[in-house]
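Engineer:
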Amino acid sequence: MAKLPDVSNDVSLLKRFIRAVEDLPTQPSAMVEVAQNHAEILLRRLETPVRIAVAGPSGAGKSSLVNLLLGAPLAPTGEGRVLPTLLFEHSENEKTTVGWWDRPSKETAGHVIKAALKEQPDLISIGVDSPILKTLQLIDVSGLDRPGHDKDAVLALTQLADVLIWCSTISDKLGDDQAALVKMLPKRLTKNSLVVLTHADELSREQAEAAAAEVERGNGKDFLYVSYIATPQAWAGFHGEGNDPAAMWEQSGAPDVLADLLEVAVKTRKKEVEKIQRSIARQVVPFLNDVPMPPEETAPEPVITEPVEAAAVEPTPEPVPEPVAVPAQPTPEEPVAAPVEEASAATSGGAVLFEEWVAKLADLQNQVSTEEIDNDSDFVQAAQELVSDFLDELMDVETIPDDHDWLVAEFEKANDLMILLQFESGDRTTVDAAYIVAQLTDSLSYI
Ligand SMILES: Nc1nc2c(ncn2[C@@H]2O[C@H](COP(=O)(O)OP(=O)(O)OP(=O)(O)O)[C@@H](O)[C@H]2O)c(=O)[nH]1
Ligand SMILES: [Mg+2]
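Numbering-wise, UniProt numbering puts 445 at position 445 of the sequence shown, and it's gapless, one number per residue.
(1) Could you spell out where the beta strand (DSSP E) holding Phe88 opens and where it closes?
(2) Mind pulling the alpha helix (DSSP H) runs of 4 or more residues that sit fully within the UniProt domain "Dynamin N-terminal" (52-199)?
(3) Are the beta-carbon atoms of Val98 and Ala116 separated by less than 7 Å?
(4) Within 10 angstroms of its Cβ, does Met31 collect 16 or more other Cβ (buried), or is it exposed?
(5) Give the DSSP-derived three-state secondary structure of Tyr435 in the structure shown.
(6) Write down every uninterrupted run of the beta strand (DSSP E) in the region 12-57 whose length is 3 residues or greater and which is fully enclosed by it, in chain order.
(7) Once you ignore the five residues that flank Arg16 on each side, which residues in its own chain have a CB closer than 6 Å to its CB?
(8) By alpha-carbon positions, which one of Glu412, Val163, Gln422 and Phe287 ends up nearest to Ala180?
(9) Go ahead and label Asn219 buried or exposed: buried means 16 or more other beta carbons lie within 10 angstroms of its beta carbon, across all protein chains shown.
(10) In the DSSP assignment, find the beta strand (DSSP E) that holds Pro5 and state where it starts and stops.
(11) Rounding to the nearest angstrom, what Cα-Cα distance links Glu334 and Ile41 in this structure?
(12) Any Cβ of chain B within less than 7 Å of the Cβ of Asn289?
(13) Figure out for me which residue from Phe411, Ala60 and Asp172 has the closest Cα to the Cα of Ile436.
(14) Report the option in Lys151, Leu185 and Ser445 whose CA atom is closest to the CA atom of Ser425.
(15) Examine the Cβ distances between the region 193-207 and the region 234-246 and report whether three or more of them are shorter than 8 Å.
(16) Would you mind giving the Cβ-Cβ distance between Cys167 and Leu69, rounded to the nearest angstrom? I have them listed as a contact below 8 Å.
(17) If the criterion is Cβ atoms closer than 7 Å, does the pair Gln137 and Arg205 meet it?
(18) Once you ignore the five residues that flank Asn67 on each side, which residues in its own chain have a CB closer than 8 Å to its CB?
(19) Return the CA-CA distance between Ser227 and Ser171, expressed in angstroms with no decimal places.
(20) Is any non-hydrogen atom of ligand 1 found closer than 6 Å to the C-beta of Pro142, if you look at the structure I gave you?
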């Protein structure tokens with residue numbers, strides 16, 4: 001079974017370095033201070049669980065699935081009205097925090113979701129003392145198919161999620177309307193995604209298998225896995241109801257859904273941990289000798305110990321310092337480092353990338369001058385596709401040095417912005433999109 005990487009050594013190293021810098025009797029050098037800053041950001045990233053978002057059309061059974069994963073009926077179900085995004089995270093004390101994208105949040109003790117809804121927040125985060133949440137955060141995103149709420153939902157997904165579970169009722173089989181919504185989402189997210197077809201209890205097992213296979217070949221082909229579930233039966237089986245709860249659990253499809261989810265979460269986490277380890281090797285390790293490091297604690301506390309099913313953690317190799325460009329996961333708190341001096345020395349890989357980008361731009365310009373693109377929203381969409389396609393190439397490229405993680409991060413940020421721009425109206429969007437493209441061109445010219 002897939003196992004989450006053990007990061008206890010990395011956490012211990014970062015904590016000891018941060019403490020060593022804090023304990024210095026004199027002001028640290030600027031370089032050491034920067035390294036300490038990096039260490040703090042990297043530590044935060046190591047301590048952040050994999051963030052799993054459940055999204056899909058209204059009434060698809062998202063909140064029911066979230067509750068099943070939580071093992072508690074915390075997310076309101078069968079509401080029929082659009083709720084804000086609900087984020088379930090680990091906390092020893094039960095608490096509810098209402099948040100807005102543009103205002104400070106407010107925290108209350110206990111689970112008071114009904115009262116929180118009255119405040120009309122953009123986001124409600126719920127602290128739950130559940131072991132699964134030490135490993136995973138669960139995000140219930142609603143309203144993706146509701147005009148007026150779609151932008152908020154996409155914003156939540158781009159800002160908060162690492163992995164996506166797309167829910168569709170099995171009778172809808174992820175139709176074209178849904179495929180159009182999925183296309184709007186950042187590719188870095190859809191790449192780490194699975195489809196769960198709900199209401200499988202309305203079909204026979206053979207019909208459910210056939211529906212899942214059809215989705216896998218059709219609109220769900222970009223997702224890593226497609227599985228199905230009968231959520232009420234899974235819930236009843238899990239909570240020991242009925243004559244044969246074990247059989248009910250087994251037949252509900254839940255074991256496959258959990259196995260798929262675990263695999264995707266582990267894959268995503270491993271990629272993120274490898275990236276963090278490369279950053280530690282580059283940004284922190286060179287400065288270890290500049291400070292008196294405290295001794296290693298005898299029993300470092302592992303960050304990820306309590307698992308979904310697989311509590312076991314897998315030791316990962318020591319940080320690998322080789323320069324390899326890998327997909328980055330943007331974290332809102334991490335500033336994108338500016339290109340460093342030596343990065344401007346063009347590498348052949350960098351020069352090829354720049355040429356490719358310029359060729360794509362010329363193509364876009366051509367489409368505008370031939371009026372193949374003749375309105376603002378088509379321009380924004382074409383520009384977003386250009387950025388997103390190029391981002392895919394950038395992630396696969398191994399010829400640019402590791403220092404250019406910032407470039408991937410910049411394209412990811414630009415891509416997220418472009419996705420949101422598609423929900424805006426007015427001619428200002430064209431200007432904004434063109435500005436983003438120009439900035440990316442400038443950044444690419446550094447490599
Ligand atoms: N029979 C059956 N009913 C389900 C299943 N999953 C969810 N439901 C029911 O479908 C209704 C909608 O489920 P929710 O979990 O609230 O769906 P949602 O996607 O969160 O809905 P919104 O938040 O309103 O978009 C509820 O009455 C659930 O009990 C399922 O697998 N089978
Ligand atoms: Mg819901």
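Built from N, CA and C at the ideal position, the CB exists for glycine as well.
Structural biologist: Quick look at the numbers:
(1) In this chain, the beta strand (DSSP E) harbouring Phe88 covers Thr85 to His90.
(2) Restricting attention to alpha helix (DSSP H) runs no shorter than 4 residues, the UniProt domain "Dynamin N-terminal" (52-199) encloses them at 62-70, 113-118, 132-135, 150-160, 176-183 and 187-190, ordered along the chain.
(3) Yes. Within cutoff.
(4) Exposure of Met31 is indicated by the presence of fewer than 16 other C-beta atoms within 10 angstroms of its C-beta.
(5) Residue state for Tyr435 is assigned as helix, using DSSP reduced to three classes.
(6) The region 12-57 contains these whole beta strand (DSSP E) runs: 50-55.
(7) Around Arg16: Met293 and Pro294.
(8) Ranking Glu412, Val163, Gln422 and Phe287 by CA distance to the CA of Ala180 puts Gln422 first.
(9) Counting Cβ neighbours within 10 Å, Asn219 comes out buried, since at least 16 surround it.
(10) Leu4 to Asp6 is the extent of the beta strand (DSSP E) around Pro5.
(11) Low confidence applies to Glu334: its pLDDT is 39, below 50, so where it sits in the model is not reliable, and the reading given next is rough at best. Taking the straight line joining both Cα atoms gives about 7 Å.
(12) Any reference to chain B falls outside this structure, which holds one protein chain only.
(13) The shortest Cα separation from Ile436 among Phe411, Ala60 and Asp172 belongs to Phe411.
(14) The candidate whose alpha carbon is nearest that of Ser425 is Lys151.
(15) With contact defined as three or more Cβ pairs closer than 8 Å, the region 193-207 and the region 234-246 are not in contact.
(16) Incorrect: roughly 12 Å between the Cβ atoms, too far for contact.
(17) When the beta-carbon positions are compared, Gln137 and Arg205 stay at least 7 Å from each other.
(18) In its chain, beyond the 5 residues on either side, Pro73, Leu74, Ala75, Thr77 and Trp235 have a beta carbon closer than 8 Å to the beta carbon of Asn67.
(19) For Ser227 and Ser171, the distance between alpha carbons rounds to 13 Å.
(20) Per the sequence shown, the amino acid found at residue 142 is Ser instead of Pro. Annotation for Ser142 indicates a beta carbon within 6 Å of some heavy atom of ligand 1.
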